[in-house]
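Each remark here refers to the structure printed beneath this line.
Residue numbers (UniProt numbering): 1 to 51.
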């Protein structure tokens, strides 16, 4: 996303009390990123396989 990261989007949704299930899908994830996404409200974190 050009204007914000997925983590920023999750935090923005939480700040505005928008409670929807959110899944993070990334091609460049790692454990710390998954932990932060879950803390920010993601219900799942999926890392896409890279070719």
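Cβ coordinates follow ideal geometry from the N, Cα and C atoms, glycine included.
- Inclusion of residue 10 and residue 19 in the CB contact set at 9 Å is not warranted, their separation being larger than that value.
- For residue 44, the secondary structure class from DSSP, reduced to helix, strand or coil, is strand.
- Residue pairing from DSSP places residue 24 in a beta bridge opposite 45.
- DSSP places residue 29 in the coil class of the three-state scheme, outside both helix and strand.
- Where residue 3 is concerned, there is no enclosing alpha helix (DSSP H), because DSSP gives it neither an H nor an E.
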